[in-house]
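These notes concern the structure reproduced below.
2 protein chains.
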Amino acid sequence: MKKDTSRKTITESDVAKHAGVSQSAVSRAFTPGASISPKTREKVIKAAEELGYHPNLLARSLVTNRSNIIALAISYLENPFYAQVVRELSQKLRESDRHILLFSAPDGNQPDPDLEKVLRYQVDALILTGTKASPDLKDQCRKAGVPIVQINRKSDLSGISTVCGEDFEAGQIIAQHLLDGGHKRFAYIGGTEGSNTSRIREEGFRDALAKAGIKDVMVRYGANKFEAAAIAVRELLDSKMPPDAIFCASDYMAFAAMDVARNEYGLKVPEDVSVVGFNDVPDASHAAYNLTTYSQPAGALVDEAVKLVDELIENPSKRAQRREVPGELIIRTSSRQKAA
Amino acid sequence: MKKDTSRKTITESDVAKHAGVSQSAVSRAFTPGASISPKTREKVIKAAEELGYHPNLLARSLVTNRSNIIALAISYLENPFYAQVVRELSQKLRESDRHILLFSAPDGNQPDPDLEKVLRYQVDALILTGTKASPDLKDQCRKAGVPIVQINRKSDLSGISTVCGEDFEAGQIIAQHLLDGGHKRFAYIGGTEGSNTSRIREEGFRDALAKAGIKDVMVRYGANKFEAAAIAVRELLDSKMPPDAIFCASDYMAFAAMDVARNEYGLKVPEDVSVVGFNDVPDASHAAYNLTTYSQPAGALVDEAVKLVDELIENPSKRAQRREVPGELIIRTSSRQKAA
DNA sequence: CTGAAAGCGCTTACAG
DNA sequence: CTGAAAGCGCTTACAG
Numbered sequence: 001m002k003k004d005t006s007r008k009t010i011t012e013s014d015v016a017k018h019a020g021v022s023q024s025a026v027s028r029a030f031t032p033g034a035s036i037s038p039k040t041r042e043k044v045i046k047a048a049e050e051l052g053y054h055p056n057l058l059a060r061s062l063v064t065n066r067s068n069i070i071a072l073a074i075s076y077l078e079n080p081f082y083a084q085v086v087r088e089l090s091q092k093l094r095e096s097d098r099h100i101l102l103f104s105a106p107d108g109n110q111p112d113p114d115l116e117k118v119l120r121y122q123v124d125a126l127i128l129t130g131t132k133a134s135p136d137l138k139d140q141c142r143k144a145g146v147p148i149v150q151i152n153r154k155s156d157l158s159g160i161s162t163v164c165g166e167d168f169e170a171g172q173i174i175a176q177h178l179l180d181g182g183h184k185r186f187a188y189i190g191g192t193e194g195s196n197t198s199r200i201r202e203e204g205f206r207d208a209l210a211k212a213g214i215k216d217v218m219v220r221y222g223a224n225k226f227e228a229a230a231i232a233v234r235e236l237l238d239s240k241m242p243p244d245a246i247f248c249a250s251d252y253m254a255f256a257a258m259d260v261a262r263n264e265y266g267l268k269v270p271e272d273v274s275v276v277g278f279n280d281v282p283d284a285s286h287a288a289y290n291l292t293t294y295s296q297p298a299g300a301l302v303d304e305a306v307k308l309v310d311e312l313i314e315n316p317s318k319r320a321q322r323r324e325v326p327g328e329l330i331i332r333t334s335s336r337q338k339a340a
Numbered sequence: 341m342k343k344d345t346s347r348k349t350i351t352e353s354d355v356a357k358h359a360g361v362s363q364s365a366v367s368r369a370f371t372p373g374a375s376i377s378p379k380t381r382e383k384v385i386k387a388a389e390e391l392g393y394h395p396n397l398l399a400r401s402l403v404t405n406r407s408n409i410i411a412l413a414i415s416y417l418e419n420p421f422y423a424q425v426v427r428e429l430s431q432k433l434r435e436s437d438r439h440i441l442l443f444s445a446p447d448g449n450q451p452d453p454d455l456e457k458v459l460r461y462q463v464d465a466l467i468l469t470g471t472k473a474s475p476d477l478k479d480q481c482r483k484a485g486v487p488i489v490q491i492n493r494k495s496d497l498s499g500i501s502t503v504c505g506e507d508f509e510a511g512q513i514i515a516q517h518l519l520d521g522g523h524k525r526f527a528y529i530g531g532t533e534g535s536n537t538s539r540i541r542e543e544g545f546r547d548a549l550a551k552a553g554i555k556d557v558m559v560r561y562g563a564n565k566f567e568a569a570a571i572a573v574r575e576l577l578d579s580k581m582p583p584d585a586i587f588c589a590s591d592y593m594a595f596a597a598m599d600v601a602r603n604e605y606g607l608k609v610p611e612d613v614s615v616v617g618f619n620d621v622p623d624a625s626h627a628a629y630n631l632t633t634y635s636q637p638a639g640a641l642v643d644e645a646v647k648l649v650d651e652l653i654e655n656p657s658k659r660a661q662r663r664e665v666p667g668e669l670i671i672r673t674s675s676r677q678k679a680a
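From first to last, the protein sequence lines are chains W and E.
1 is the number of the first residue of the first sequence in my numbering; add one for each residue after it.
341 is the number of the first residue of the second sequence in my numbering; add one for each residue after it.
This is the structure in structure tokens:
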């Protein structure tokens, strides 16, 4: 009668016994570049397969100090830009056999309390986007030697590296595009008031407008969310002198702007009002919106962020970095190109 | 001169020394319900804070056989329904101090090779949605005692538990709604040909139509993606007898259908063609679409999935379960309600 | 190239 | 309630 072994965890020792080698040999068979003869490795691999052995990465991490786990703290997952960041990051990390441990932050501008527990998982790095780390967490991470990289938001905390798009220049370029289109009354819908990224885009936008003699820009915040952006747009369109050009700090909010303008106010886009977004998410090119937007591809941001993470892991004493990823204006049909 | 201790990992032993207690006492201080005096616990907590100690969950998992990590394998993250699953699951799991290790599968119907490595992370369970496990992985998980729960897709593999909506009934109800609206020519856009969920919705749809004497249903597949769905819709609308009612197996594909119908074919929705979706994602209620859809909230599916996971962890010998989560038809303005 | 041994940071009987 | 000790599954000098 066979003993039921179905529930027992198979370890290196089990494989070693089965293959007739030492437990260290089994370890070496699963360590790329380790000193082991091909013959022994083969024996081990065969035994491992027969037994259904899986190396325990968590046990390994205990001694290597590498978990191959990268924490990703993120919010606004319903916003397609952020969803894309998750996809691209996951894809990128698998090249190096690493995986994402997800901390989905509640929206808002305050740090997620749950994230304070991130260090318990011995993550190799922490990547943030659409949310922020508490000053305390930042200190803890520094002490623990865990690099933090923020995507798409410049940090107020020194010591946190960031990867962003060319926010200021993008704001300028968009303003110029709208000026060229003959628009007269400009509005900006930012993410949240506390966001530096949102602020810098606004500054670029205002800068170019000011140079053209335009000081007046209506400003609202849409919290990177659809409904909140819709409310902001209604406020703008309800005003005495409604804008004929709206720049939204994210495509998702731009979608809300177009929906509200068309369906609730009967306005034509771009004849009555032009709408410009930011990010160039996949949905932006769909016929329903065909949105003029500043391309800031999640893929490029993520690639740079991972590169930065690896540099910081490699060289923990390296100073925090600020990197910019170039983008470009994508002109589609949601913005007028000639004077009205 | 102080020694630089900034990069050294703080362990229980360090805290123990600092607090003047044994290392086991430190462990107990961090174990809810452990036998320890309040006074000792306080001392330990204080020392831990002073030192910046974080319990190492991976080390703990080595002895408890619980990692508090749940693997989530998912694809179609650009589809808002799946993004919502991520959010809801993450939210739900934090109640029990667990977190998601993400395996973002490339789209398509074949299992993700990267997922084969999931067991190395000693995850407590594997949740799948929009993707599937290889038969081999299924076996490995069973052997390792790691439960698998699939959301929103009935498995062809026995031994995998599933949590789905009422797909058949939903198909019937939608058909009836469209019949009541006086529609004559019906089309169905499924996810992928291999998906049971998609097939079952179609069967329900056909069943109710057949009872009304309608045998003819045009069928296309949109791969749960926007562009692929758009192509499918063009095929339908280009045909000699284009449908006046299109049921899409997901809201996201329904958005594509509405966009194509309106913008490329100049059709009015619902006057010329009605469109019905599935899921009731947040965007479905936006003015641009205001989509009639079958509500199958990600939150409810996720809650049931976690409940199931916990039951299976608790009782590993339990048979695979099939659970259905009830939904309801949400009638908005993308479908006609009276005979044309 | 190989094996025996120490040690990574924890939990948990065990004895007191 | 407390501490000393064993052990979870690995990697990595060390000696051969």
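Backbone N, C-alpha and C fix where the C-beta goes; we use that ideal spot for every residue, glycine too.
Computed from a predicted model, the values in this text were never measured in an experiment.
Closer than 8 Å, CB to CB, is S346/E near chain W or not? Because the pLDDT of S346/E is 45, which lies under 50, any placement of that residue in the model is unreliable, and the number read from its coordinates should be weighed accordingly. Judged by the 8 Å Cβ criterion, S346/E is in contact with chain W.
Neighbourhood of K658/E by C-beta, 8 Å cutoff - its chain only, sequence neighbours within 5 removed: E651, L652
Which chain E residues sit within Cβ distance under 8 Å of R120/W? H394, P395, N396, L397
Measuring only between beta-carbons, confirm whether V62/W sits less than 8 Å from chain E. Residue identity check: residue 62/W is Leu in the sequence provided, not Val. Taking Cβ atoms only, chain E reaches closer than 8 Å to L62/W, which makes this a yes.
Give the straight-line distance between the Cα atoms of P656/E and S501/E, rounded to the nearest whole angstrom. 12 Å
Could you check if S535/E is buried or exposed, using at least 16 other CB atoms within 10 Å of its CB as the buried criterion? buried
Note down, in chain order, every chain E residue with its Cβ under 7 Å from the Cβ of Q91/W. S444
Going by DSSP, what residues sit across from N279/W in a beta bridge? S295/W
Counting along the chain, where does the beta strand (DSSP E) carrying A125/W start and finish? 125 to 129
Determine which residues of the stretch 371 to 386 of chain E have a Cβ less than 7 Å from any Cβ of chain W, and write them out in chain order. none
As assigned by DSSP and simplified to three states, the class of T345/E: Because T345/E carries a pLDDT of 42, less than 50, the predicted location of this residue cannot be relied on, and the following value inherits that uncertainty. T345/E: coil per DSSP, three-state reduction.
Can you tell me whether DSSP reads L57/W as helix, strand or coil? helix
Where E506/E falls: helix, strand or coil (DSSP): coil
Name the chain E residues whose beta carbon is nearer than 7 Å to that of A287/W? D599, V600, N603, E604
List the residues of chain E whose Cβ lies closer than 7 Å to the Cβ of Q84/W, in chain order. E418
Determine the extent of the alpha helix (DSSP H) in which A258/W is found, giving its start and end residues. At residue 258/W the sequence reads Met, which differs from the Ala that was named. Unbroken alpha helix (DSSP H) run through M258/W: 251 to 259.
Run through DSSP, which three-state label would A680/E get? Any reading at A680/E must be qualified, since the residue scores a pLDDT of 48, below 50, and its modelled position is unreliable; the value itself is stated next. In this structure, A680/E counts as coil in the three-state DSSP scheme.
Near S367/E, what residues of its chain come up, given a Cβ to Cβ distance below 7 Å and the 5 sequence neighbours on each side ignored? E352
Considering only the beta carbon of each residue, do G171/W and E203/W sit closer than 8 Å? yes
E611/E burial status per 10 Å Cβ neighbour count (16 or more: buried): exposed
What does a CB cutoff of less than 6 Å around Y53/W pick up in its chain, not counting 5 residues either side in sequence? I10, V15
Return no unless some Cβ of chain W is closer than 8 Å to the Cβ of I440/E. yes
Given a cut-off of 8 Å, decide if V642/E and L429/E are closer than it, judged by their beta-carbon atoms. yes
Taking the C-alpha atoms as reference points, what is the distance between L669/E and Q516/E? 11 Å
Check whether the stretch 87 to 105 of chain W touches the stretch 120 to 128 of chain W, taking contact to mean three or more Cβ pairs, one atom from each stretch, closer than 8 Å. yes
Let me make sure I understand the geometry here. Which of R482/E, A473/E, C481/E, K483/E has the alpha-carbon closest to that of Q490/E? A473/E
Could you pull the start and end residues of the alpha helix (DSSP H) that E664/E belongs to? Not the alpha helix (DSSP H): E664/E falls in the beta strand (DSSP E), residues 662 to 665.
Could you work out which residues of chain E lie near K341/W, taking near to mean beta carbons separated by less than 8 Å? No statement about residue 341/W is possible, as the shown extent of chain W runs from 1 to 340 and does not include it.
is_contact[R322/W, chain E] using C-beta, thresh 8 Å: no
Could you tell me whether the stretch 406 to 413 of chain E touches the stretch 134 to 142 of chain W, using the rule of 3 or more Cβ pairs below 8 Å? no
Since Y605/E and L577/E should fall inside the 8 Å C-beta cutoff, what is the C-beta to C-beta distance between them, to a whole number of angstroms? 5 Å
Does the stretch 608 to 623 of chain E come within contact of the stretch 579 to 586 of chain E, defined as at least 3 CB pairs closer than 8 Å? yes
Starting from Y82/W and walking both ways along the alpha helix (DSSP H), at which residues does that stretch end? 80 to 94
Counting only Cβ pairs nearer than 7 Å, list the residues of chain W close to S407/E. L58
Suppose you measure from the CA of A288/W to the CA of I554/E; what does that come to, to the nearest Å? 32 Å
Do you know whose CA, among V260/W, F30/W, R220/W, lies nearest P55/W's CA? F30/W
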